[in-house]
Amino acid sequence: MATRGLASHFGLILGVDPSESMLKEAGAQTKCGNIQYRQCWAESLPFVQAGTVDLVIACQAAHWFDPDLVWKEMTRIVRPGGTVAFWNWGNYIVVGHAHANRALRKFSSEDLASYWPQPGKAIWDDRMRPVECRDSSDWTDHTRLESDPSGTPHALRTVENIRMQISDTLGGLEALLRTWSSVHEWRRAHPHCASVKEGGAGDIVDNLMQDMIEREEDWWRITMSGGNWREIKLELETRSILLMARRA
Numbered sequence: 001m002a003t004r005g006l007a008s009h010f011g012l013i014l015g016v017d018p019s020e021s022m023l024k025e026a027g028a029q030t031k032c033g034n035i036q037y038r039q040c041w042a043e044s045l046p047f048v049q050a051g052t053v054d055l056v057i058a059c060q061a062a063h064w065f066d067p068d069l070v071w072k073e074m075t076r077i078v079r080p081g082g083t084v085a086f087w088n089w090g091n092y093i094v095v096g097h098a099h100a101n102r103a104l105r106k107f108s109s110e111d112l113a114s115y116w117p118q119p120g121k122a123i124w125d126d127r128m129r130p131v132e133c134r135d136s137s138d139w140t141d142h143t144r145l146e147s148d149p150s151g152t153p154h155a156l157r158t159v160e161n162i163r164m165q166i167s168d169t170l171g172g173l174e175a176l177l178r179t180w181s182s183v184h185e186w187r188r189a190h191p192h193c194a195s196v197k198e199g200g201a202g203d204i205v206d207n208l209m210q211d212m213i214e215r216e217e218d219w220w221r222i223t224m225s226g227g228n229w230r231e232i233k234l235e236l237e238t239r240s241i242l243l244m245a246r247r248a
């Protein structure tokens, strides 16, 4: 999606990912003629000439990078004055629903604790600091823009336009949770636990959704009166961290 969003601003866009299936999905959704996809890791881009790249952007990916190797490669390929931007988001909050949020936090930090891939989760928990650019000789304008709706003491809302807010439904939230890598790992570890949609008794996401609905009186009332809980509207907000540096 980020690749397609840049297509009208640059002459050539290169989208890279180590996953063949992800690249196939991206290619199937891409109609722009100036986008090319390559299967590779961000730390090694041998097909890119030195000093030719204006912008490198990674969305929801930088927590998987080897910091030393990726910044060495960024220093090689980015032209003087070019920019690198790493943007990650997560830790979803359902605005105005404290009971549901307690269940959601438990789901993420306890129920799925052993299923989060590492070291990516640890880097995210450390607020992306391990992948910040620490090279002051080749890079300048080091910038961190952070927004956090959690209310924790270190929470920042320094730049309003990077706040991640989404109007969605409970059904949309359920679908979003099912994209989490930790949920995929849990399902691989529990192949006998089919979801309700699959005709099973329910999996870890089904259990969370039921718990959230039972905790929120207005949601429970709608469900008990015959309403479809998946159609219940809500507002989501998430922590957002944008790291940037400019090639000297």
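The UniProt record's numbering numbers the first residue of the sequence shown as 1 and each following residue consecutively. Ideal placement from N, C-alpha and C gives every residue a C-beta, glycine not left out.
Worksheet item: Just how far apart, CA to CA, sit T169 and E235?
Response: As a first step, residue 169 is located in the sequence shown; it is residue number 169 there, counting from the start. As a first step, residue 235 is located in the sequence shown; it is residue number 235 there, counting from the start. So the alpha carbons of these two residues sit roughly 8 Å apart.
Worksheet item: Going along the chain, which residues of its own chain have a beta-carbon closer than 6 Å to the beta-carbon of K233, five neighbours each way excluded?
Response: As a first step, residue 233 must be located in the sequence shown, where it is residue number 233. Correct list, in chain order: T169.
Item to complete: State yes or no: is the C-beta of T83 within less than 8 Å of the C-beta of R246?
Response: Position 83 of the sequence shown, counting from 1, holds the residue named residue 83. Position 246 of the sequence shown, counting from 1, holds the residue named residue 246. Result yes, Cβ atoms of T83 and R246 sit closer than 8 Å.
Worksheet item: Quick one: what does DSSP say V205 is sitting in, helix, strand or coil?
Response: Working through the sequence shown from its first residue, we reach residue 205 at position 205. Helix.
Item to complete: Give me whichever residues DSSP pairs with R105 in a beta bridge.
Response: Position 105 of the sequence shown, counting from 1, holds the residue named residue 105. DSSP output for R105 lists no bridge partner at all.
Item to complete: Assign D126 to buried or exposed, taking buried as 16 or more other Cβ atoms, counted over all protein chains shown, within 10 Å of its Cβ.
Response: The residue given as residue 126 occupies position 126 in the sequence shown. D126 is exposed by the Cβ-count criterion.
Worksheet item: Rounded to whole angstroms, how far is the Cβ of residue 253 from the Cβ of N88, which I believe are closer than 8 Å?
Response: The structure shown does not extend to residue 253, since the chain is modelled only from 1 to 248, so the question has no answer here.
Discussion item. If I measure Cβ to Cβ from V196 and keep anything under 6 Å in the same chain, skipping five residues before and after, which residues do I get?
Written reply: Here residue 196 refers to the residue found at position 196 of the sequence shown. Result list for V196: G202 and D206, in chain order.
Practice prompt. Go ahead and pull the three-state DSSP assignment for P130.
Written response: Position 130 of the sequence shown, counted from the first residue, corresponds to residue 130. It is helical.
Worksheet item: Where DSSP assigns a beta bridge to Y92, which residues make up the other side?
Response: Locating residue 92 in the sequence shown gives position 92, counting from the first residue. Looking at the DSSP assignment, Y92 forms a beta bridge with T238.
Worksheet item: Of all the options E43, Y37 and V56, which has the alpha carbon lying nearest to the alpha carbon of D68?
Response: The sequence position of residue 68 within the sequence shown is 68, counting from 1. Answer by Cα proximity: E43.
Worksheet entry | the segment 213 to 223 in contact with the segment 178 to 197 per 3-pair CB rule at 8 Å | no
Worksheet item: Taking Cβ positions, are R163 and S240 nearer each other than 8 Å?
Response: In the sequence shown, counting from the first residue as 1, residue 163 sits at position 163. In the sequence shown, counting from the first residue as 1, residue 240 sits at position 240. Against a cut-off of 8 Å, the Cβ pair of S240 and R163 comes out as a contact.
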